[in-house]
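**Student:** In the numbering used here, the protein residues as written are 209 to 441.
Got a structure for you, written out below as structure tokens; questions coming shortly.
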Amino acid sequence: MATPLEDVHGERFTRSSEVVFDGKIWDVRTEVFTLTEDGDPITREYVDHTGAVSIVALNDDWQILLIKQYRQPARMTMWEIPAGLLDVEGEDVQTAAARELAEEADLVAERWNVLVDFHNSPGSSSEVQRVYLARGLRPVPEEDRHQREDEEAEIEVGWFDVQDAVEAVLAGRLHSPSAVVAILATAAAQATGFDHLRPADAPFPEDPTKPENARHDITPEARQQVTSAPDRG
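In structure tokens, the structure reads:
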């Protein structure tokens with residue numbers, strides 16, 4: 209039987225986990241784990257991320273909305289898709305997507321589908337993103353629009369044909385990971401008439417807003433107590 213083309217969920221053996229840098233937006237966590245129960249310990253540090261959501265806004269002329277914004281770590285002004293952190297307590301992922309679309313693009317959408325889910329940099333960050341496809345667009349009334357600040361105050365908005373955006377990706381002119389993933393996924397979905405897209409409430413096992421997906425500190429001493437506790441069964 210061929211190996212299924214599907215990522216496999218399931219944590220190995222985490223021996224210790226603790227935040228070593230408490231940042232303004234996200235933290236750095238160090239963990240010790242083993243690949244097998246009696247395997248050699250491996251230590252890794254990574255960005256303990258809140259998770260994010262992003263949106264492909266597609267109009268009736270088959271154009272995708274891109275926003276232009278400066279990114280200090282990359283030293284680049286990039287064309288991106290509307291996106292934001294999942295950092296509002298109690299807010300579900302689709303609601304966050306609708307909020308970000310309104311705040312960054314001044315748009316409201318009537319139809320939502322899941323386009324793609326991805327981990328931004330799984331070797332160095334816990335960040336996971338859900339990308340939605342938003343259609344049936346209308347503008348947010350002028351009096352209700354969000355007041356943008358900092359880098360967002362410079363946002364420029366543009367509408368681009370999907371194929372032109374694909375060509376920009378393949379030519380190396382676009383670098384934002386969410387934009388690259390979303391543009392290519394949109395083109396693939398468009399080729400099949402968007403028939404196979406998941407509904408907006410499709411299962412999201414990696415959903416970082418769920419308590420069961422939260423990272424918690426596990427000191428070596430606490431882990432030792434768990435693994436050495438007598439069987440009470």
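In this text, a Cβ means the ideal position worked out from N, Cα and C, and glycines have one as well.
Can you tell me whether DSSP reads aspartate 369 as helix, strand or coil?
**Tutor:** Taking the sequence shown and counting its residues from 1, the one referred to as residue 369 is at position 161. Three-state DSSP puts aspartate 369 in a strand.
**Student:** What is the rounded straight-line gap between the Cα of glutamine 271 and the Cα of valine 261?
**Tutor:** Here residue 271 refers to the residue found at position 63 of the sequence shown. Here residue 261 refers to the residue found at position 53 of the sequence shown. Using only the alpha carbons, I get a separation of about 20 Å.
**Student:** Quick one: Cα of aspartate 358 to Cα of glutamate 308, how far?
**Tutor:** As a first step, residue 358 is located in the sequence shown; it is residue number 150 there, counting from the start. As a first step, residue 308 is located in the sequence shown; it is residue number 100 there, counting from the start. Answer to the nearest angstrom: the Cα atoms are 16 Å apart.
**Student:** Would you list the one or two residues that DSSP bridges to arginine 237?
**Tutor:** For the purposes of this step, residue 237 is taken as residue 29 along the sequence shown, with counting starting at 1. Arginine 237 is bridged to Val227 and Tyr254.
**Student:** Along the beta strand (DSSP E) that carries serine 329, what are the first and last residues, could you check?
**Tutor:** As a working mapping, residue 329 is identified with position 121 in the sequence shown. Neither: serine 329 is in no beta strand (DSSP E) and is coded neither H nor E.
**Student:** Can you tell me whether glycine 259 is buried or exposed? The criterion is at least 16 other CB atoms within 10 Å of its CB, across all chains shown.
**Tutor:** Locating residue 259 in the sequence shown gives position 51, where the first residue counts as 1. Its Cβ being crowded by 16 or more others within 10 Å, glycine 259 is buried.
**Student:** Nearest CA to the CA of glutamine 280: which residue from Thr400, Ser329, Val255 and Ser384?
**Tutor:** As a position in the sequence shown, residue 280 is number 72, starting the count at 1. The shortest Cα separation from glutamine 280 among Thr400, Ser329, Val255 and Ser384 belongs to Ser384.
**Student:** So what does DSSP say about glutamine 398, is it helix, strand or coil?
**Tutor:** If you number the sequence shown from 1, residue 398 lands on position 190. Glutamine 398: helix per DSSP, three-state reduction.
**Student:** Which residues in the same chain have their Cβ closer than 7 Å to the Cβ of asparagine 421, if we skip the five residues on either side of it in sequence?
**Tutor:** The residue given as residue 421 occupies position 213 in the sequence shown. Counting only Cβ-Cβ distances below 7 Å, and skipping sequence neighbours, we find Glu414 and Asp415.
**Student:** Grouping DSSP H, G and I as helix and E and B as strand, with all else coil, what is glutamate 318?
**Tutor:** Translated into positions along the sequence shown, residue 318 becomes position 110. It is a strand residue.
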